[in-house]
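S.K.: First the structure, then my questions, so here it is.
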Amino acid sequence: MNPENDIAPSDITPREVFESRRDFIKKAGVGLIASTALLLNCPISAATPKNTNLPSRKLKAISTAYGRGEKLTSYEDVTSYNNFYEFGSDKSEPVINAKLFKTQPWTLTVEGEVRKNKTIAIEDILKLAPLEERIYRMRCVEGWSMVIPWVGLPLSELIKWAEPTGNAKYVEFISLEDKQQMPGQNIPLIDWPYTEGLRMDEAMNPLTILAVGLYGEVLPNQNGAPLRLVVPWKYGFKGAKSIVSVRFTEKQPVSSWMKISPKEYGFYANVNPNVEHPRWSQSTERRIGSGLFSSRIKTQMFNGYADQVGHMYSGVDLKRNF
Ligand code: MTE
251 MNPENDIAPS DITPREVFES RRDFIKKAGV GLIASTALLL NCPISAATPK
301 NTNLPSRKLK AISTAYGRGE KLTSYEDVTS YNNFYEFGSD KSEPVINAKL
351 FKTQPWTLTV EGEVRKNKTI AIEDILKLAP LEERIYRMRC VEGWSMVIPW
401 VGLPLSELIK WAEPTGNAKY VEFISLEDKQ QMPGQNIPLI DWPYTEGLRM
451 DEAMNPLTIL AVGLYGEVLP NQNGAPLRLV VPWKYGFKGA KSIVSVRFTE
501 KQPVSSWMKI SPKEYGFYAN VNPNVEHPRW SQSTERRIGS GLFSSRIKTQ
551 MFNGYADQVG HMYSGVDLKR NF
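Throughout, this note's numbering is defined as the position within the sequence shown, counted from one, plus 250.
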């Protein structure tokens, strides 16, 4: 995989094409789809919400070779099968409950081990580097996966702007806390706000991005608008959504999931088929949208990104540091 090469625009199915396919399928067999969806426990045909606050939903992004040849998960599945506990604990809830979520104006603060605390508006984050399209495989710890064409910029660009001090060894990401807008935060399922963390070298790795869009458009609210983390070699829960603060620390932060269940969720959370989870298989995965009878696929070490990230863990016992 060579990220320098351009990907032909024709390699990406334009949204209109799969939307018209979706309409056709809907008309052709609503009953069949409904029963299939029930068996799969996935929601059917949720309407695509419009992020009406933003002037234009389209984003200009440079094509890259990341994910060339991968079969994309449909826009509909990517935007209606979500984990976003602030908007409900069922995967079908965020698309409904996040519809009116206000994502403008939005600012991000950088704090902790930095030369000085700073605040940056989302518009200025977009100016830090050209936006790129990155097609990444995403693996959820629950045993399913998707392939998503993200639009974003390398997290390293924000870190350079933040000017961390030499004491900064880790980066913590803090999602928005707003009980008025986020009904799920009235339930103490998580010690709100949702937080995640990365080691500094992981945060600086070229694969790590701050995503602001998907499928060439501004991020739908349920996918973490207006700004979320994407770390494709780690389980999906590392990708904190709707981030408002980035804190640089000397000590390893304790993330939300580590607090909830330290036996199940570690700090590293690298995709690793050799380390089992107490409840879900990590050796194989179900690709969302691949059909009811398609077989599970083998999960790859570091989700298939070992060439780009394996070097960061030489000498690390990945069974202990799960
Ligand atoms: N970020 C916040 N703030 N709240 C969440 O509940 N869920 C995580 C992660 N980021 C979550 C979050 C989990 S468990 C997953 S699998 C991914 O978001 C899902 O991202 P997606 O809905 O865009 O696929």
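Glycine included, every Cβ here is placed at the ideal spot set by N, Cα and C.
Tell me the residue span of the beta strand (DSSP E) that contains Pro404.
M.R.: Residues Trp394 to Pro404.
S.K.: What are the start and end residues of the beta strand (DSSP E) that includes Glu535?
M.R.: First-last of the beta strand (DSSP E) with Glu535: Thr534 to Arg537.
S.K.: Have a look at Arg529 and Arg546 and give me their C-alpha separation to the nearest angstrom.
M.R.: Distance between the alpha carbons of Arg529 and Arg546: 17 Å.
S.K.: By the 10 Å Cβ neighbour count, where 16 or more other Cβ atoms means buried, how is Gly560 classified, buried or exposed?
M.R.: When all chains shown are included, Gly560 counts as exposed.
S.K.: What residues sit near ligand 2, counting only those whose C-beta is closer than 5 Å to one of its heavy atoms, in chain order?
M.R.: Only ligand 1 can be found as ligands here, which leaves ligand 2 out of the picture.
S.K.: For Val480, write down the residues that DSSP places opposite it in a beta bridge.
M.R.: According to DSSP, Val480 bridges with Ile459.
S.K.: Using a Cβ cut-off of 8 Å (strictly closer), state whether Pro438 contacts chain D.
M.R.: Protein chains in the displayed structure number just one, and chain D is not present.
S.K.: If I measure Cβ to Cβ from Ser531 and keep anything under 7 Å in the same chain, skipping five residues before and after, which residues do I get?
M.R.: Excluding sequence neighbours, Ser531 sits near Gly393.
S.K.: Buried or exposed, going by whether 16 or more other CB atoms sit within 10 Å of the CB of Lys429?
M.R.: Lys429 is exposed by the Cβ-count criterion.
S.K.: Using the DSSP secondary-structure output, state which residues sit across from Lys308 in a beta bridge.
M.R.: Per DSSP, Glu467.
S.K.: So is Thr458 buried or exposed if we call it buried at 16+ other beta carbons inside 10 Å?
M.R.: Classification for Thr458: buried.
S.K.: In terms of residues, what are the limits of the beta strand (DSSP E) holding Met388?
M.R.: Here the beta strand (DSSP E) through Met388 covers Glu382 to Arg389.
S.K.: Quick one: Cα of Ile385 to Cα of Asn436, how far?
M.R.: Approximately 35 Å between the Cα atoms of the pair.
S.K.: Using C-beta distances below 6 Å, list every residue in its chain close to Lys484, excluding the 5 sequence neighbours before and after it, in chain order.
M.R.: So the qualifying residues of the chain are Ala519 and Asn520.
S.K.: At what residues does the alpha helix (DSSP H) containing Ala556 begin and finish?
M.R.: Ala556 to Val559 is the span of the alpha helix (DSSP H), which, as asked, contains Ala556.
S.K.: Hey, Gly434 and Phe337: beta-carbon distance below 8 Å or not?
M.R.: Cβ atoms of Gly434 and Phe337: closer than 8 Å.
S.K.: When you compare only the Cα positions, how much space is there between Asn571 and Ser395?
M.R.: Roughly 22 Å separates the two Cα atoms.
S.K.: Go ahead and label Ser584 buried or exposed: buried means 16 or more other beta carbons lie within 10 angstroms of its beta carbon, across all protein chains shown.
M.R.: Absent from the structure is residue 584, since the part of the chain shown begins at 251 and ends at 572.
S.K.: Secondary structure at Lys349, three-state DSSP: helix, strand or coil?
M.R.: Three-state result, Lys349: coil.
S.K.: Buried or exposed: Lys488, going by 16 or more other Cβ atoms within 10 Å of its Cβ?
M.R.: Buried: at least 16 other Cβ atoms inside 10 Å.
S.K.: Where do the ends of the beta strand (DSSP E) carrying Ala371 lie?
M.R.: Taken as a continuous stretch (DSSP letters only), the beta strand (DSSP E) holding Ala371 covers Lys368 to Ala371.
S.K.: Report the three-state DSSP secondary structure of Gly362 (helix, strand or coil).
M.R.: Here Gly362 sits in strand by DSSP.
S.K.: For the alpha helix (DSSP H) containing Tyr325, list its first residue and its last residue.
M.R.: Unbroken alpha helix (DSSP H) run through Tyr325: Tyr325 to Ser330.
S.K.: Using the rule of at least 16 other Cβ atoms within 10 Å of the residue's Cβ for burial, across every protein chain shown, is Ile409 buried or exposed?
M.R.: The residue is buried, with at least 16 neighbouring Cβ atoms inside 10 Å.
S.K.: Strictly by DSSP, which residues pair up with Pro414?
M.R.: Beta-bridge pairing links Pro414 to Val364.
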